[in-house]
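Those protein sequence lines, which keep their order, are chains A and V.
Residue numbers for the first sequence follow this note's numbering, beginning at -9 and rising by one.
Residue numbers for the second sequence follow this note's numbering, beginning at 7 and rising by one.
All residues carry an ideal CB built from backbone N, CA and C; glycine is no exception.
All values reported here derive from a predicted model rather than from experimental measurement.
Below you'll find the structure, written out as structure tokens, and then a few comments.
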Amino acid sequence: MIEIKDLTKFYGKGESRFKALDGVSVSIEDGEFIVILGASGSGKSTFLNVISGLETSDGGTVAYDGQQLDKMSEKELTKFRRDNTAYIFQQYYLLPHLNVEKNVRMGADLDNNKDYLKFIEAVGLSEKRKKFPAELSGGEQQRVAIARALAKNPKVLFLDEPTGALDEKTGRQVLDYIIKLQQEQGFMMIMVTHNSNIAETSDRIIKMNSGKIVSITENTDKKTAYEIGW
Amino acid sequence: MIVSIKDSVKLFGISIMTCCAVTVCNLFLNYYLDLTAIADLIDNPYAQMFYDAHIMTAKVVCAVSGGCLAITTVVMLFFYIKHYIDIHSKEIGILKALGYSDFKIAKGFSVFGLSVFIGCMTGYLLSFLLMPQFYELQNKDGYLPELSIRFHWILFVLLVIIPTVVFAMIAVCKSLLKLRQPCVNLLKGIVKTKGKSRNTRDKKTFVGEMRSSVLRSRKTLVFFIAFSSFCFSAMIQMSASMKDLSSEMMGLMIFVIGVVLAFTTLYIAVSTVIRSNQKNIAMMRVFGYKNEECKRSVLDGYRPAAYIGFVIGSVYQYGLLRVMVDIVFAGVEGVPKYKFDFPVCFITLGVFIVVYEGIMFAYGQAMKRIPLKQIMSE
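This is the structure in structure tokens:
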């Protein structure tokens, strides 16, 4: 469980200083799928980066099962990320000189996971496991990034606009993969997106504006990636 | 013009390399030309032997140091051009998409000749500063008639003008070859990769694979690291021997050149490795890899090349000094016997280990400062 209390974050100095997060508080249960919605500049990516430990906050607390992120040293934070979290970015960030299998091993080795090939199979890339990122389409690269993140068996998966760089068909395919795997494995999933249709696939929707949470909605009518508009 | 004069000035590695080469070559070639001018004045067999040995020394030193440093400079220039095109691929891709020809873009790379000019000119002037003392030491026993320093314009053309023009042309040709790729590849920054088509499971760990891929992706840097330790090993051991065989000044000159070349090349190589892997390091840390693991995967692969370079440097300096003593100065009285100096070799190795591992440790610590924002900012 993640407990977030009064989170604040500033960027810039002097007159250009602005509040990217303004007293954000929310709790997220284990196994939940949360979508964070908001326009560009609403603070949703900053929120994701702070609660995942990639950035530090200027105020407030983020606690994972009682363990506070802001009290951790750099070494403890690295261990925390190693044992608990995985990240999927809009721009994939695969290692260009390593093939699909070796990119997936980046995640798998951290959990001493010898059975990582099943994740490549799960994202439908078994035939392409020896291909390099430059030889794959955008959708395939994002699927590699998903396999890499899942191969480390994370307790929490953070996704920053995972379908943002994909066309509708590939976007739906990728989203479908992620949701199915989350349901199978039961990890917590927190996704940032500006596509409100994607929110219909989640358990809860958090809407943000100007660094604040403006609403938190339970989604009682969960849809699949193929049932939503795009 | 995509390549600016400022970009050329940034190639200080090339300037330092050419400066060292021209300093040594101009010292010995100027001395060689001034010696040949007094050939008729030599009237006894002993002086003739001494004269022949000095002529031969000048030729060997110029060929070895000039040739070796010229080849390394060409490799460095190729490396810089590849690196420049890699990091500016999007801008170059846009120019190509707008209709600029490869040649028009490649012409801009001729500016890189400026860094060669700066280095050559500095080396040329530096050699004239050292020349009075150098001439005095070469003839300290007075076997040869008195020599006066003369200016040879041909050396200025040969060591300053020609290298500048030739390197500018090489830069244009190399970039022309490098630009011959589809515009879309440049725009997307697509990295060429050569994979093995093995269908077996890879046994290496991710860190091991990463280490191999870092080495494979920039092979030139393996050469630079090996060259850096080669310079350190060869020049420092040679400078110790030179004190006995020639003079303290020669020893000091070789020591300074060796240290400058070694550190410059190592700095260029290691900072390039880290800069070009910043995003990968940040991604590894996002996933929870420790700093030691990031260092192991990015820097440790170069260690064998560094130690091999050291061994080659030791053998090279021994071989070169053996040739000088046994062939070039054979028969000249007063030349001390030369043997491989094991104590100096072990001391140099000890210093090398401390310095190399210390630098790698410092760079490893610097890797901690790569912000995770590195990957989020794009």
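Under DSSP, the beta-bridge partners assigned to R194(A) are I24(A), E208(A).
Within the same chain, Cβ atoms closer than 6 Å to the Cβ of K197(A) are found at L27, V204, S205, the five residues on either side in sequence being excluded. From the beta-carbon of V292(V), the residues of chain A found nearer than 8 Å are L44, R71, Y77. At least one C-beta of chain A is nearer than 9 Å to the C-beta of L378(V). Straight across, the Cα-Cα distance linking Y130(V) with F230(V) is about 25 Å. Using a Cβ distance threshold of 9 Å, Y106(A) and A137(A) count as a contacting pair.
In the DSSP annotation of this structure, D150(A) is not part of any alpha helix (DSSP H); the continuous beta strand (DSSP E) holding it starts and ends at 146 to 150. Closer than 9 Å to the CB of K343(V) there is not a single CB belonging to chain A. Using beta-carbon distances, T160(A) does not count as an interface residue toward chain V, since no partner is under 9 Å. When 9 Å is used as the limit between beta carbons, L100(A) is near these residues of chain V: F212, F293, G294, Y295, in chain order.
Per DSSP, the continuous beta strand (DSSP E) segment holding A53(A) begins and ends at 49 to 54. Going by beta carbons, H89(V) and Q144(V) fall outside the 9 Å limit. Residues of chain A whose Cβ lies closer than 8 Å to the Cβ of E254(V) do not exist, since the nearest Cβ in that chain is about 49 Å away. Chain V has a Cβ within less than 9 Å of the Cβ of T68(A).
Within chain V, no C-beta atom comes nearer than 8 Å to that of R7(A); the closest sits roughly 17 Å away. Taking the beta carbon of R95(A) as reference, the chain V residues within 9 Å of it are D208, K210, T211, F212, E215, listed in sequence order.
Restricting attention to D150(A), K159(A), L149(A), the CA atom closest to the CA of E130(A) is found in K159(A). Taking each of M289(V), Y324(V), F352(V), K102(V) in turn and checking the Cα distance to I8(V), the smallest one comes out for K102(V). Below the 8 Å Cβ cutoff, chain A contributes Y83 as neighbours of K285(V), in chain order.
What K142(A) touches in chain V, judged by beta-carbon distance under 9 Å, is F293, G294, going in chain order. DSSP places F140(V) in the uninterrupted alpha helix (DSSP H) bounded by 119 to 144. DSSP places N143(A) in the coil class of the three-state scheme, outside both helix and strand. Between A240(V) and I314(V), the gap from beta carbon to beta carbon reaches 9 Å or more. Interface flag for K65(A) against chain V is set, since a Cβ pair is found closer than 9 Å.
The beta-bridge partner set that DSSP reports for F8(A) consists of Y1(A). For K92(A), the residues of chain V that pass the 9 Å Cβ criterion are D208, K210, F212, E215, M216, S219, in the order they occur in the chain. The Cβ of M373(V) sits no closer than 9 Å to any Cβ of chain A. Around the beta carbon of C179(V), a 10 Å sphere encloses fewer than 16 other beta carbons of the protein chains shown; the residue is thus reported as exposed. Comparing alpha carbon positions, the residue from L11(A), L59(A), Q175(A) closest to L140(A) is Q175(A).
Look at D(-4)(A) here: in three-state DSSP terms it is strand. When secondary structure is reduced to three states using DSSP, Q80(A) falls in the coil class, being assigned neither helix nor strand. When secondary structure is reduced to three states using DSSP, N185(A) falls in the coil class, being assigned neither helix nor strand. What M55(V) touches in chain A, judged by beta-carbon distance under 7 Å, is nothing: the nearest beta carbon there is about 58 Å away. Approximately 3 Å separates the beta-carbon atoms of G125(V) and T24(V); this is inside 8 Å, confirming the contact. The residue among F316(V), V317(V), P342(V) with its C-alpha nearest the C-alpha of R328(V) is P342(V).
In this structure, I287(V) places its C-beta atom within 9 Å of the C-beta atom of M373(V).
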